[in-house]
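Working notes, beginning with the structure itself.
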Amino acid sequence: SSMLLLLLSGILFAFLFVFWKSRFQSSVGEMSSNSTSLALVRPTSSTGSTKSNTDKSLSVNSLSREILINFPHTIAMQKQILVNLRIVEYKLAELELFLVFKDLNGALVNWKSTE
342 SSMLLLLLSG
352 ILFAFLFVFW
362 KSRFQSSVGE
372 MSSNSTSLAL
382 VRPTSSTGST
392 KSNTDKSLSV
402 NSLSREILIN
412 FPHTIAMQKQ
422 ILVNLRIVEY
432 KLAELELFLV
442 FKDLNGALVN
452 WKSTE
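Under the numbering used here, the first residue of the sequence shown is numbered 342, with each subsequent residue one higher.
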């Protein structure tokens, strides 16, 4: 029965993932074309080195700031992603325990049958 529950939860997760992915793609497609695009690499100045400017423009803080300015709904999405990841982590821990106990029970049965 626990294997059936695990299978059903895996199928449910797959459907939710596909639904979320299609919903996210449609919401990105609905954004207006005049919204500011996220610039990953900015033009380099003639005085500074290319590497330092690229490193600065690709820093996590600047990208996060630009994403939040351009896409304010991402905070809610990030929170939902974290919740989903915690659920997946919990389910994986359950699966790991189940497999460990299954292996232990199988080892005990094999050990008793060899005596």
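Idealized CB from N, CA, C, for every residue including glycine.
Q: Measure the alpha-carbon distance for Asp444 versus Glu437 and round it to whole angstroms.
A: 11 angstroms
Q) Can you list, in chain order, the residues of its chain whose CB lies under 6 angstroms from that of Thr388, leaving out five sequence neighbours each side? A) Caution applies to Thr388, whose pLDDT of 48 falls short of 50 and renders its modelled position unreliable; the value that the coordinates give is listed next. Answer for Thr388: no residue qualifies.
(Q) Can you give me the C-alpha to C-alpha distance between Met344 and Ser350, rounded to a whole angstrom? (A) 10 angstroms
Q) Are the CB atoms of Val429 and Phe356 nearer to each other than 8 angstroms? A) no
Q. Relative to the C-alpha of Arg364, which residue among Met418, Phe442 and Asn446 is closest?
A. Met418
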